[in-house]
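Visitor: Quick one: this structure, given as structure tokens, is what I'll be asking you about.
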Amino acid sequence: MNELWKNRSLIMSLAFNDVKVRYKNSILGFLWTFLEPLLMLGVLYFIFTNIFKNDIENYPLYLLLGLIIWYMFSRSTSMGLSSLLDRSHLIQKIYFPREIVVISSCLTAFIMMLFEFSAFVFFLVILQFIPPATALLFPLILVDLFLLSLGISFILSVSAVYFRDIKFIWQVVLQAGFFLTPIIYQLDMFPKHIQEILSINPLVTILDVSHDLVLYNIMPSLSSVLYIIGTTFLFLLTGFILFKIKSDKIVEEL
């Protein structure tokens with residue numbers, strides 16, 4: 052950890068450079084950061100208010116908040132998965148802690164998410180919605196989301212070095228995951244036993260708690276908090292240990 056702290060400027064530099072490169076040759080540039088969730092919001096809002104009726108309170112905000120959190124998880128794990136392969140030329144030439152490239156990739160996704168929240172704030176103003184006091188705890192959920200994404204990214208990045216097909220498998224997992232997490236619906240629409248199965252996914256609990264804190268002035272239960280913290284710690288610890296064990300052999304495989 053001390054070595055990572057010493058290289059914090061390199062992590063930040065790589066992260067911000069990734070953000071710049073991502074939009075370098077696009078006509079709208081950083082505007083795509085706002086347009087992507089807004090376009091998806093428009094499509095899903097039309098479908099689930101006109102075709103499939105729902106009675107979710109503050110549904111536009113519910114939907115947009117879920118999309119922003121999902122995009123953060125999806126981007127960070129996808130970018131983290133390919134981070135070692137994408138920077139193989141740098142890893143093979145210069146020595147530095149290999150985990151830096153995974154951390155910087157997740158940080159890039161986190162920065163993009165912060166930009167996207169400006170769109171969320173815009174909708175708060177348009178809809179004249181004032182978040183409750185519980186929303187002050189929401190940043191803690193975002194930190195947990197980042198650490199969970201990082202732990203999974205450590206596992207995926209190492210796996211991708213040895214099994215190149217893992218990136219295709221992960222895209223299928225993400226596509227399924229989008230519909231198995233409460234982004235466009237509420238979890239309580241399912242029977243209790245289905246809710247319990249879906250809630251094994253920590254992202255389901257993160258989304259539920261986020262909606263409650265930001266929109267409905269509901270404090271999370273102790274069991275929800277402990278589950279989020281516990282699963283995040285498990286993924287982060289497992290991912291970091293696996294990465295450290297395999298890090299010496301990564302250069303050879305690249």
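In this note's numbering, each number is its position in the sequence shown, counted from 1, plus 51. All C-beta atoms in this analysis are idealised placements derived from N, C-alpha and C, irrespective of residue type, glycine included.
1) Classify D265 as buried or exposed, calling it buried when 16 or more other Cβ atoms lie within 10 Å of its own Cβ.
2) Less than 8 angstroms between the CB of Y146 and some heavy atom of the ligand SAH, yes or no?
3) Is G281 closer than 9 angstroms to L201 when the C-beta atoms are compared?
4) Would the stretch 202-222 and the stretch 241-248 be scored as touching if the rule is three or more Cβ pairs under 8 angstroms?
5) Taking one C-beta from the stretch 166-179 and one from the stretch 102-119 each time, how about it: are there three or more such pairs within less than 8 angstroms?
6) From the DSSP output, in three-state form, read off S272 for me.
7) Mind pulling the alpha helix (DSSP H) runs of 4 or more residues that sit fully within the stretch 197-250?
8) Taking I235 and L90 to be in contact with their CB atoms under 8 angstroms, please state how far apart those CB atoms are, rounded to whole angstroms.
9) Please tell me whether S204 and V260 are closer than 9 angstroms, where the distance is taken between their beta carbons.
10) So E108 is in the alpha helix (DSSP H); what residue range does that whole segment cover?
11) For a quick check, are the C-beta atoms of N268 and F180 less than 9 angstroms apart?
12) Are T283 and L199 closer than 9 angstroms when you measure CB to CB?
13) Put F147 into one of helix, strand or coil per three-state DSSP.
14) On the CB-based measure, 16 or more other CB atoms within 10 Å of its CB, does L135 come out buried or exposed?
15) Given this structure, state the Cα-to-Cα distance separating S298 from R149, to the nearest angstrom.
16) In whole angstroms, what separates the C-alpha of L288 from that of L141?
17) Use the C-beta contact count for P88: other C-beta atoms within 10 angstroms, 16 or more gives buried, fewer gives exposed.
18) Look at the alpha carbon of T185 and the alpha carbon of L114, and state the distance between them as a whole number of angstroms.
19) Can you give me the Cβ contacts of V223 inside the same chain, cut-off strictly under 8 angstroms, excluding the 5 residues immediately before and after it?
20) Among F174, L187, F219 and I192, which one has its Cα closest to the Cα of L277?
21) Taking only the alpha-carbon atoms, compute the straight-line gap between L285 and F291 and give it to the nearest angstrom.
22) Applying the criterion that 16 or more other CB atoms from any shown protein chain within 10 Å of the CB defines a buried residue, is I62 buried or exposed?
23) Quick one: measure Cβ to Cβ for L231 and L258, integer angstroms, because I've assumed they're closer than 8 angstroms.
Guide: Taking the definition as stated:
1) Within the sequence shown, numbered from 1, the residue matching residue 265 stands at position 214. Residue identity check: residue 265 is Val in the sequence provided, not Asp. The residue is buried, with at least 16 neighbouring Cβ atoms inside 10 Å.
2) For the ligand SAH, the structure offers nothing, since it holds no ligand at all.
3) Against the sequence shown, residue 201 aligns to sequence position 150. Against the sequence shown, residue 281 aligns to sequence position 230. The answer is no: Cβ separation not under 9 angstroms.
4) Because the criterion of three Cβ pairs below 8 angstroms is not met, the stretch 202-222 and the stretch 241-248 do not touch.
5) Judged by pairs of C-beta atoms under 8 angstroms, the stretch 166-179 touches the stretch 102-119, as three or more such pairs exist.
6) For the purposes of this step, residue 272 is taken as residue 221 along the sequence shown, with counting starting at 1. Here S272 sits in coil by DSSP.
7) DSSP runs (the alpha helix (DSSP H)) wholly in the stretch 197-250: 217-230 and 243-249.
8) If you number the sequence shown from 1, residue 235 lands on position 184. If you number the sequence shown from 1, residue 90 lands on position 39. A Cβ-Cβ separation of about 15 angstroms leaves I235 out of contact with L90 under the 8 angstroms criterion.
9) Position 153 of the sequence shown, counting from 1, holds the residue named residue 204. Position 209 of the sequence shown, counting from 1, holds the residue named residue 260. No.
10) The count along the sequence shown starts at 1 and reaches residue 108 at position 57. For E108, there is no enclosing alpha helix (DSSP H), as DSSP gives it neither H nor E.
11) Locating residue 268 in the sequence shown gives position 217, counting from the first residue. Locating residue 180 in the sequence shown gives position 129, counting from the first residue. No, Cβ-Cβ distance for N268 and F180 is not below 9 angstroms.
12) Position 232 of the sequence shown, counting from 1, holds the residue named residue 283. Position 148 of the sequence shown, counting from 1, holds the residue named residue 199. In this structure, L199 lies closer than 9 angstroms to T283 by Cβ.
13) Position 96 of the sequence shown holds residue 147. Of the three classes helix, strand and coil, the one that applies to F147 here is coil, per DSSP.
14) As a working note, residue 135 is residue 84 in the sequence shown. Here L135 is buried, its C-beta having at least 16 other C-beta atoms within 10 Å.
15) Locating residue 298 in the sequence shown gives position 247, where the first residue counts as 1. Locating residue 149 in the sequence shown gives position 98, where the first residue counts as 1. In this structure, the straight-line span from the alpha carbon of S298 to that of R149 is close to 7 angstroms.
16) Within the sequence shown, residue 288 is the residue found at index 237, counting from 1. Within the sequence shown, residue 141 is the residue found at index 90, counting from 1. Roughly 26 angstroms between the two C-alpha positions.
17) The residue given as residue 88 occupies position 37 in the sequence shown. Around the beta carbon of P88, a 10 Å sphere encloses 16 or more other beta carbons of the protein chains shown; the residue is thus reported as buried.
18) Reading the sequence shown from its first residue, position 134 is the one you call residue 185. Reading the sequence shown from its first residue, position 63 is the one you call residue 114. Rounded to whole angstroms, the gap between the alpha carbons of T185 and L114 is 19 angstroms.
19) Taking the sequence shown and counting its residues from 1, one reaches residue 223 at position 172. Once the five neighbours on either side are set aside, V223 has no close Cβ partner at all.
20) Walking along the sequence shown from the start, residue 277 turns up at place 226. Checking every option, the nearest Cα to that of L277 belongs to I192.
21) Taking the first residue of the sequence shown as 1, we reach residue 285 at position 234. Taking the first residue of the sequence shown as 1, we reach residue 291 at position 240. Distance between the alpha carbons of L285 and F291: 10 angstroms.
22) Stepping through the sequence shown from its first residue, residue 62 is reached at position 11. Within 10 angstroms of the beta-carbon of I62 lie 16 or more other beta-carbons, which makes it buried.
23) One-based indexing of the sequence shown puts residue 231 at position 180. One-based indexing of the sequence shown puts residue 258 at position 207. At roughly 11 angstroms, the Cβ-Cβ gap does not stay under 8 angstroms, so L231 and L258 are not in contact.
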